[in-house]
Every structure is written in structure tokens, then in C-alpha cells.
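Undergrad: Same order as they appear, the protein sequences are chains A and B. So my numbering is basically just the index in the first sequence, starting at one, shifted up by 171. So my numbering is basically just the index in the second sequence, starting at one, shifted up by 171.
Number of protein chains: 2
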Amino acid sequence: MNDLKTITVLFRAYNSLEKIIRDDVFQYGLNVSEFGVLEALYHKEQLSVKAIIDKVLVPNSSMSYVIENLVSKNYIKKVQSEKDKRSFLLSLTDVGRKLMDKIFPIHKHNMRKILDILNQDEEETMQKALVKIGKLSKSR
Amino acid sequence: MNDLKTITVLFRAYNSLEKIIRDDVFQYGLNVSEFGVLEALYHKEQLSVKAIIDKVLVPNSSMSYVIENLVSKNYIKKVQSEKDKRSFLLSLTDVGRKLMDKIFPIHKHNMRKILDILNQDEEETMQKALVKIGKLSKSR
DNA sequence: TAATTATATTTCGAATTCGAAATAATTACA
DNA sequence: TGTAATTATTTCGAATTCGAAATATAATTA
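This is the structure:
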């Protein structure tokens with residue numbers, strides 16, 4: 172290959188998906204960053220701010236803002252770690268969990284429906300390739 | 172397939188690449204949106220605002236801001252179309268072209284080096300898959 | 001143990017991005 | 001032709017995102 176079309180189409184695909192997710196979670200008063208944090212906690216019970224940053228790919232300064240909003244919406248709680256007082260542990264509140272119980276299955280179903288325009292080989296190959304690219308830079 | 176890993180890795184890959192490009196063009200006082208506009212005009216000579224928006228995947232309201240900055244940096248010029256006075260035509264200034272002559276080949280080389288961690292089949296398959304996903308939503 | 005370095009997180013101000021509404025010009029069509 | 005609908009672009013205010021510097025705690029090391 173000799174051109175940068177792959178980058179173009181990657182950006183386009185990202186934008187397309189991001190837009191779909193944005194519109195989807197907007198109905199619930201969330202933005203994509205907020206949804207990312209809730210999703211991470213939905214699967215992991217408890218995570219430090221640091222761990223969330225690594226998962227959700229938002230720079231630390233932005234993450235503070237996202238977390239603050241989620242706390243003030245009462246979807247997550249934030250407790251200082253006893254072990255390491257620099258660290259803060261995040262988890263869903265009951266309200267937050269109830270929200271995710273409601274929206275995550277729908278979200279997952281919608282996303283799967285989208286990915287199913289790819290056949291299995293295609294999706295697997297793409298996934299492997301994207302993993303390689305994703306390892307290039309420690310995001311922010 | 173049954174999970175959303177593909178979306179996760181797509182987001183991660185995008186972030187990774189975007190970060191690399193951001194750091195790259197930052198040296199020249201540009202952000203990624205600005206670079207996108209310059210790149211489009213470097214390949215196309217003249218494009219309307221509308222056409223640029225479709226290429227660069229930035230919402231129209233944001234694009235006004237990006238264009239304004241590029242004009243004030245004297246990298247592009249903006250002329251009202253005679254044919255259709257709603258429309259404005261953009262093109263590189265000499266300064267803008269000189270800048271792109273300098274940075275685009277390096278940028279292209281760097282990007283190609285990154286993509287070359289994929290073998291050809293992999294890149295082709297991924298490209299096809301990404302195109303499908305990119306067609307899902309008219310970006311913004 | 002004191003001083004130094006490393007890590008986790010927040011604060012800050014600035015830049016960017018957003019969607020919605022406004023403006024201006026063109027096209028459709030009654 | 002006149003009015004309505006469509007298209008291209010900008011304006012607006014608000015939300016989000018950014019990197020750099022600050023803070024607070026922990027780990028290392030002299």
C-alpha cells in the first residue's frame with residue numbers, strides 16, 4: 172500500500188460510530204465520555220480514577236471534569252482509598268446501576284447490529300489490525 | 172461475534188492515531204482539524220466550505236471557526252462564489268502551500284511507517300470493513 | 001529519617017467543539 | 001411571479017477538552 176486511505180477510513184468509521192453512540196446516549200442525558208465511565212464501572216464494580224483513565228482514553232484533566240459531573244448526577248460515588256490516599260475509588264450508585272441496567276443491553280444490541288454488517292472473518296481481521304494500531308501510543 | 176470489543180479497539184486505535192497526528196502537527200502550530208482542511212486543499216486546489224465539511228468530518232459550526240483561524244494565519248483564502256453567492260470557495264495561499272510542501276511528505280511518510288505494521292491483506296481487509304462502518308452515519 | 005523522585009488527582013485558563021437558531025441566497029412549485 | 005422549502009454558512013452560548021502547573025501522598029534512596 173502506498174497511500175493514507177486507511178487513516179481516512181479509520182477516522183470516518185470512528186466519527187460515524189461516535190456519532191451514533193453520542194445520539195444514543197444523549198437521550199439519557201449523557202455524553203460519550205460519561206457513558207464510557209459508566210460502562211467501565213458496570214463491568215468492573217470498582218475502579219480507581221487512574222484505572223478509568225486508562226480504560227476510557229480521556230486525559231486526566233478532562234476525566235476530573237467527567238467524574239465530577241457523574242457524581243453530581245448521582246450516578247457514581249467516589250471514595251478516597253484507605254490503602255493509598257492519593258487514589259480515589261469509583262463505583263456506581265444504585266441510581267447509576269439502575270440506569271445502566273436499563274440502557275446497556277439496548278446499547279449493546281444496537282452496536283452489535285451495526286457490527287453485524289461485517290462478516291466474522293472481516294471483523295476478526297479488523298480487530299487484530301486495530302489492536303496493533305491502538306498499541307502505538309499511550310493515548311493522551 | 173458477541174461482544175463489543177471491536178468498538179473498543181476501534182476507539183483505541185483512533186485515539187492512538189489521533190494523538191500521533193496531533194503531536195506531529197502541533198509542531199507547526201496546527202491542530203488536527205486545521206491540518207485536515209489544509210490536506211484537503213493540498214489535494215484539491217479549491218473546495219467550497221460545504222465540500223470541506225464533508226471531507227474533514229467537522230460540523231459546520233465548528234468548521235467556521237477552523238476556517239477563520241486558517242484565514243487569519245494566512246494559510247488559506249476564502250472567496251465568495253460568483254455562481255452561488257451562498258457558497259464560499261477555499262484555497263491555499265502561497266504561504267499555506269509552502270507549509271504543506273514542507274510538512275505533508277514527512278507526515279505521509281510517518282503515517283505510512285505506522286500503517287506498515289500491518290501486512291497488506293490485513294490492511295486491505297480492515298480498510299474494507301472500516302468503509303462499511305463509515306457509511307453508517309453522515310458524521311455530524 | 002530527610003530529601004528526592006514518582007504517582008494520582010485536581011485546578012486553571014485557553015482552545016476547541018458542539019447543536020440550535022439565525023441569515024442569506026437559491027430552488028421548487030403553486 | 002410570489003411564496004415556500006431547501007441549501008450554505010455564520011453566530012451564539014454552553015459544554016467539553018486540552019496541556020501545564022499545582023497539590024497531595026507514597027516510594028525510593030542517601
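Backbone N, C-alpha and C define an ideal beta-carbon position, used for all residues, glycine too. Predicted, not measured: the structure shown is a model, and the values here were computed from it.
Taking only three categories from DSSP, how would you classify Lys-248 (chain A)?
TA: Position 77 of the first sequence, counted from the first residue, corresponds to residue 248 (chain A). Here Lys-248 (chain A) sits in strand by DSSP.
Undergrad: Starting from the C-beta of Val-237 (chain B), find all residues in its chain whose C-beta is less than 7 Å away, skip the five residues before and the five after it, and write them out in chain order.
TA: As a first step, residue 237 (chain B) is located in the second sequence; it is residue number 66 there, counting from the start. Correct list, in chain order: Ser-204, Glu-205, Val-208 and Val-229.
Undergrad: What's the call for Glu-216 (chain A), buried or exposed, on a 16-neighbour Cβ count within 10 Å?
TA: One-based indexing of the first sequence puts residue 216 (chain A) at position 45. So Glu-216 (chain A) counts as exposed.
Undergrad: Assuming Ser-308 (chain A) and Ile-191 (chain B) are in contact, meaning their beta carbons sit under 8 Å apart, how far apart are those beta carbons, in whole angstroms?
TA: Looking up residue 308 (chain A) in the first sequence gives position 137. Looking up residue 191 (chain B) in the second sequence gives position 20. Right, their Cβ atoms sit about 5 Å apart.
Undergrad: Which chain A residues are close to Lys-279 (chain B), counting only those with a beta carbon under 7 Å from its beta carbon?
TA: Taking the second sequence and counting its residues from 1, the one referred to as residue 279 (chain B) is at position 108. Neighbours of Lys-279 (chain B) on chain A, chain order: Leu-175.
Undergrad: Grouping DSSP H, G and I as helix and E and B as strand, with all else coil, what is Ser-262 (chain B)?
TA: The count along the second sequence starts at 1 and reaches residue 262 (chain B) at position 91. DSSP places Ser-262 (chain B) in strand when its eight states are reduced to three.
Undergrad: Short of 7 Å Cβ to Cβ, which residues in the segment 180 to 192 of chain A face chain B?
TA: Flagged, chain order: Val-180, Leu-181, Phe-182, Arg-183, Ala-184, Tyr-185, Asn-186, Ser-187, Leu-188, Lys-190 and Ile-191.
Undergrad: Roughly how many whole angstroms lie between the Cα atoms of Ala-222 (chain A) and Asn-231 (chain A)?
TA: Indexing the first sequence from 1 puts residue 222 (chain A) at position 51. Indexing the first sequence from 1 puts residue 231 (chain A) at position 60. Taking the straight line joining both Cα atoms gives about 11 Å.
Undergrad: Quick check: is the beta carbon of Lys-303 (chain A) nearer than 8 Å to any beta carbon in chain B?
TA: Here the question's residue 303 (chain A) lines up with position 132 in the first sequence. Yes, Lys-303 (chain A) lies at the interface with chain B (some Cβ there is under 8 Å from its Cβ).
Undergrad: Alpha carbon to alpha carbon, what distance is there between Glu-294 (chain B) and Leu-286 (chain B)?
TA: Here residue 286 (chain B) corresponds to residue number 115 of the second sequence, with the count starting at 1. Here residue 294 (chain B) corresponds to residue number 123 of the second sequence, with the count starting at 1. Roughly 8 Å between the two C-alpha positions.
Undergrad: At the level of alpha carbons, what is the spacing between Leu-301 (chain A) and His-280 (chain B)?
TA: Locating residue 301 (chain A) in the first sequence gives position 130, counting from the first residue. Locating residue 280 (chain B) in the second sequence gives position 109, counting from the first residue. Cα to Cα, Leu-301 (chain A) sits roughly 20 Å from His-280 (chain B).
Undergrad: Nearest to Val-242 (chain B) by alpha carbon, out of B:Asn-290, B:Leu-175 and B:Leu-260?
TA: Here residue 242 (chain B) refers to the residue found at position 71 of the second sequence. Nearest of B:Asn-290, B:Leu-175 and B:Leu-260 to Val-242 (chain B), Cα basis: B:Leu-260.
Undergrad: Can you give me the Cβ contacts of Asp-195 (chain B) inside the same chain, cut-off strictly under 7 Å, excluding the 5 residues immediately before and after it?
TA: Within the second sequence, residue 195 (chain B) is the residue found at index 24, counting from 1. For Asp-195 (chain B), where only same-chain residues beyond five positions count, the Cβ hits under 7 Å are His-278 and Asn-281.
Undergrad: Where in the segment 253 to 307 of chain B do unbroken runs of the beta strand (DSSP E), each at least 3 residues long, occur, reported from the N-terminal end onward?
TA: Within the segment 253 to 307 of chain B, the complete beta strand (DSSP E) runs of at least 3 residues are 259 to 263.
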